[in-house]
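Quick note, the sequences are listed as chains G and F, same order.
The first sequence begins at 1 in the working numbering and counts up by one.
The second sequence begins at 115 in the working numbering and counts up by one.
Glycine residues also receive a C-beta, built at the ideal position from the N, C-alpha and C atoms.
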Amino acid sequence: DTAVSQTPKYLVTQMGNDKSIKCEQNLGHDTMYWYKQDSKKFLKIMFSYNNKELIINETVPNRFSPKSPDKAHLNLHINSLELGDSAVYFCASSQGPTGSNEQYFGPGTRLTVT
Amino acid sequence: AQSVTQLDSQVPVFEEAPVELRCNYSSSVSVYLFWYVQYPNQGLQLLLKYLSGSTLVKGINGFEAEFNKSQTSFHLRKPSVHISDTAEYFCAVTPSNDYKLSFGAGTTVTVRA
Chain G
1 DTAVSQTPKY LVTQMGNDKS IKCEQNLGHD TMYWYKQDSK KFLKIMFSYN
51 NKELIINETV PNRFSPKSPD KAHLNLHINS LELGDSAVYF CASSQGPTGS
101 NEQYFGPGTR LTVT
Chain F
115 AQSVTQLDSQ VPVFEEAPVE LRCNYSSSVS VYLFWYVQYP NQGLQLLLKY
165 LSGSTLVKGI NGFEAEFNKS QTSFHLRKPS VHISDTAEYF CAVTPSNDYK
215 LSFGAGTTVT VRA
């Protein structure tokens, strides 16, 4: 059973399009995250939700909008895609929003914008 | 704010040789420290973490790390590597009064036969 799953695994799209990435965790965790990994493998937090409430909202263009329909799901919608959005996006979850908790990562979604 | 510096971007190593990956951090408060591994085309997996207590932390797959508060370091070591240890390794830190994880730039370990 996959703990944190993401769909799709690969996403190729053209500039200007709108796309969504879905994430689900079956660990019973309260907190979920979105990270962006750029071409140099640098990882940066984008958003975090705890019990469906937004608790981290980094300096991310407002074309990116996360949505958490329930504790087990955190989706990422991206409007008007740009070339610079090409990256690998990772979803993660943890038991709660405390720093000592291990984060469990999904397999990633490789987004390519052409 | 906290920051993490991984001092080596690439570490080539021969199979069965030891490896050390260096990580330094800066923070104005006490921190929790983590090492994650990313195998090719996969997500990140926790290797080990330091929260408190003994400064020598043992993790999975034979890895260990030592927390040194005076040098603000958390170096990762393995006495004998395998081909399967070829991966990207990330050091990460979060302040004890926060939950935002900050990652270093990563160290690429390539193990050769």
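Between Ile-55 (chain G) and Asn-101 (chain G), the alpha-carbon positions lie close to 16 Å from each other. The residue from G:Leu-83, G:Tyr-104, G:Gly-84, G:Pro-66 with its alpha-carbon nearest to that of Lys-22 (chain G) is G:Pro-66. At a cut-off of 8 Å between beta carbons, Gly-84 (chain G) makes no contact with chain F. Bridge pairing for Thr-98 (chain G): absent [DSSP]. Runs of the beta strand (DSSP E) lying entirely within the segment 13-74 of chain G and spanning at least 3 residues, in chain order: 19-25, 31-37, 43-50, 53-57, 64-70.
Taking each of G:Ser-5, G:Glu-58, G:Lys-19 in turn and checking the Cα distance to Leu-11 (chain G), the smallest one comes out for G:Lys-19. Going by DSSP, Gln-185 (chain F) is part of no beta strand (DSSP E) at all; its letter is neither H nor E. With a threshold of 8 Å between beta carbons, Thr-224 (chain F) makes no contact with chain G. Against chain F, the CB of Leu-43 (chain G) has a partner CB under 8 Å away; the residue lies at that interface. Using a Cβ-Cβ cut-off of 8 Å, Gly-28 (chain G) does not count as an interface residue toward chain F, since no Cβ of chain F sits closer than that to its own.
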